[in-house]
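Numbering (the numbering used here), first residue to last: 300 to 852.
Backbone N, C-alpha and C fix where the C-beta goes; we use that ideal spot for every residue, glycine too.
What you are looking at is a predicted structure, and each value in this text was computed from that prediction instead of being measured.
Accompanying notes for the structure given below.
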């Protein structure tokens, strides 16, 4: 079987699996976040944290819940790392330095999982399981909660209430993430992923010295890192490590986990707003972008330019032989079009244009299908922008799902789409202008610029993947990337929840013959165009200096 055919068959199998899960999981999520009942274990949790799950919240109260919970998470994870040296199960590792502890705490709470450390050489069992793995669950649940709040903003009228954050958070963990993660972890263990609490042990001799590995609860963390679009690896090699991702099947299964909830949430959106066709329109937009990126990535990596690539059957540098170009390309596109950050290959070793595709995927705002929760609310904000553009074209007041898109709503949407590009470009410019950050670049020229541009793009969009080649374990990068991750995660949530509150207070607008049919393919095409044009206008100069210059050289 040719490598190209193998890649296409993997793509078709993945799409078939997602199609089978789409309706049942999407409907289940809608029931979870619409049910008035609470499970017994949920009642115990509410009692323990002192929350009343039946109290409806307006958007400022909902936002305060998100921020308070996240601040507590940052402080707890920071202290856990700083105290690692005196904790049991530390495997003899010392406490984490302050700047790196801040960076890691900000990273995992912000659902970014950027790592400036070697996982197997820095974090013991307690920090990995009680700190990082826990944040993999709750940070994902926060993202889903904010997305559901925005959906309620479209679905409700004449009220500013968006639900209860604590109820949404707990349900996301207890009813959605934990059950799927348990099943997924069993599948990964059955396929060869390790799951233990063993210490450091020698596995043989390597170049005259002993090679050492430590075990860990890898399967349980691997499944939630993909399912929750987190991305932090137990080992430094991340999902390229055979203990995390041993076979082509596990590779495809982990891609399935990455895309599962973001795709299903479009069905949830349609069910909760009373029009499943609206959900299909959003899904079609996401699928169009994702498929186009996968096709472009495969083309750039399979193109045979030069004898080395011809002998290898494509650009195999930096890729695992057991996955090949097809599996690696699908993984790279899926992880950068979502806020996952897991990698099964070195993005820095991709062709110049291939590396640019991974960056562009993040620059789109990671909305195709995007992160857990963040992908849906990001795409819905872009839908508001697209409806506004359509209204300007025909001279009619923009409407979406029976809600008028007025001055207030478009200001919230505009602020949302401006935050991330501002963070990326300002931090990248500062790093290139100052004398010391440039010392962290392994390469010079366009590729070196791409290393720094990729780092801030990854951090600000809460992706977490690295281009490789950049030494990010410095005070400058630990601090600025940590700030970029926090601001890139929580500032957009402010405007999403404010938009949700504004929409929920509105009175529904009746549908007329002049209403834009947002469930039609025409609107999906307009939405794809709006996403690509806005991103292209924003980032094209930076891309021209980095991956485009390298790819065309």
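Alpha carbons only, please: which of the options is nearest the one belonging to residue i?
{"i": "residue 544", "options": "520, 339, 739", "result": "520"}
{"i": "residue 457", "options": "837, 827, 702", "result": "702"}
{"i": "residue 675", "options": "809, 791, 430", "result": "791"}
{"i": "residue 425", "options": "793, 405, 331, 394", "result": "394"}
{"i": "residue 588", "options": "747, 616, 831, 677", "result": "831"}
{"i": "residue 359", "options": "799, 819, 371, 501", "result": "799"}
{"i": "residue 323", "options": "566, 689, 775", "result": "566"}
{"i": "residue 469", "options": "578, 336, 600", "result": "336"}
{"i": "residue 849", "options": "750, 756, 818", "result": "750"}
{"i": "residue 717", "options": "836, 823, 738", "result": "836"}
{"i": "residue 517", "options": "490, 510, 501", "result": "490"}
{"i": "residue 600", "options": "648, 574, 577, 576", "result": "648"}
{"i": "residue 350", "options": "741, 463, 527", "result": "463"}
{"i": "residue 365", "options": "440, 627, 330", "result": "440"}
{"i": "residue 548", "options": "313, 461, 838", "result": "313"}
{"i": "residue 855", "options": "686, 552, 691", "result": "The requested residue 855 does not occur in the structure, where the chain is confined to residues 300 to 852."}
{"i": "residue 344", "options": "472, 374, 331, 357", "result": "472"}
{"i": "residue 865", "options": "405, 383, 695", "result": "Residue numbering for the chain in the displayed model covers 300 to 852; residue 865 lies beyond these limits and cannot be assessed."}
{"i": "residue 715", "options": "356, 787, 402, 310", "result": "787"}
{"i": "residue 705", "options": "584, 353, 801", "result": "801"}
{"i": "residue 721", "options": "623, 475, 756", "result": "756"}
Roughly how many angstroms lie between the CA atoms of residue i and residue j, to the nearest whole one?
{"i": "residue 854", "j": "residue 679", "result": "Residue 854 cannot be examined here, being either before or after the span of the chain that is shown, 300 to 852."}
{"i": "residue 341", "j": "residue 483", "result": "22 Å"}
{"i": "residue 590", "j": "residue 389", "result": "43 Å"}
{"i": "residue 452", "j": "residue 443", "result": "14 Å"}
{"i": "residue 672", "j": "residue 446", "result": "5 Å"}
{"i": "residue 781", "j": "residue 681", "result": "26 Å"}
{"i": "residue 368", "j": "residue 435", "result": "14 Å"}
{"i": "residue 629", "j": "residue 593", "result": "6 Å"}
{"i": "residue 420", "j": "residue 554", "result": "26 Å"}
{"i": "residue 493", "j": "residue 485", "result": "11 Å"}
{"i": "residue 427", "j": "residue 779", "result": "24 Å"}
{"i": "residue 433", "j": "residue 524", "result": "10 Å"}
{"i": "residue 465", "j": "residue 634", "result": "29 Å"}
{"i": "residue 306", "j": "residue 339", "result": "46 Å"}
{"i": "residue 661", "j": "residue 794", "result": "20 Å"}
{"i": "residue 808", "j": "residue 817", "result": "14 Å"}
{"i": "residue 582", "j": "residue 821", "result": "14 Å"}
Considering residue i, what are the terminal residues of the alpha helix (DSSP H) in which it resides?
{"i": "residue 402", "result": "397 to 408"}
{"i": "residue 732", "result": "706 to 732"}
{"i": "residue 746", "result": "744 to 759"}
{"i": "residue 363", "result": "358 to 381"}
{"i": "residue 649", "result": "Per DSSP, residue 649 belongs to no alpha helix (DSSP H) and is neither H nor E."}
{"i": "residue 465", "result": "464 to 470"}
{"i": "residue 322", "result": "302 to 331"}
{"i": "residue 533", "result": "That residue, residue 533, is in no alpha helix (DSSP H); it is neither H nor E in DSSP."}
{"i": "residue 529", "result": "No alpha helix (DSSP H) holds residue 529; DSSP gives it neither H nor E."}
{"i": "residue 451", "result": "433 to 454"}
Is the beta carbon of residue i sitting closer than 8 Å to the one on residue j?
{"i": "residue 408", "j": "residue 438", "result": "yes"}
{"i": "residue 772", "j": "residue 533", "result": "no"}
{"i": "residue 711", "j": "residue 797", "result": "yes"}
{"i": "residue 841", "j": "residue 752", "result": "yes"}
{"i": "residue 653", "j": "residue 302", "result": "no"}
{"i": "residue 764", "j": "residue 643", "result": "no"}
{"i": "residue 823", "j": "residue 776", "result": "no"}
{"i": "residue 570", "j": "residue 326", "result": "yes"}
{"i": "residue 455", "j": "residue 667", "result": "no"}
{"i": "residue 550", "j": "residue 412", "result": "no"}
{"i": "residue 526", "j": "residue 558", "result": "no"}
{"i": "residue 347", "j": "residue 386", "result": "no"}
{"i": "residue 380", "j": "residue 404", "result": "yes"}
{"i": "residue 531", "j": "residue 431", "result": "yes"}
{"i": "residue 700", "j": "residue 572", "result": "yes"}
{"i": "residue 664", "j": "residue 637", "result": "no"}
{"i": "residue 748", "j": "residue 783", "result": "no"}
{"i": "residue 650", "j": "residue 614", "result": "yes"}
{"i": "residue 355", "j": "residue 460", "result": "yes"}
{"i": "residue 575", "j": "residue 475", "result": "no"}
Name the DSSP bridge partner or partners of residue i?
{"i": "residue 389", "result": "Paired residues: none, contrary to the question."}
{"i": "residue 774", "result": "Note: residue 774 sits in no beta bridge, so no partner."}
{"i": "residue 702", "result": "699"}
{"i": "residue 769", "result": "740"}
{"i": "residue 512", "result": "500"}
{"i": "residue 644", "result": "618"}
{"i": "residue 460", "result": "357"}
Answer with yes or no whether the minimum CB distance from residue i to chain C is below 8 Å.
{"i": "residue 804", "result": "In the structure shown, chain C cannot be found, because there is only a single protein chain."}
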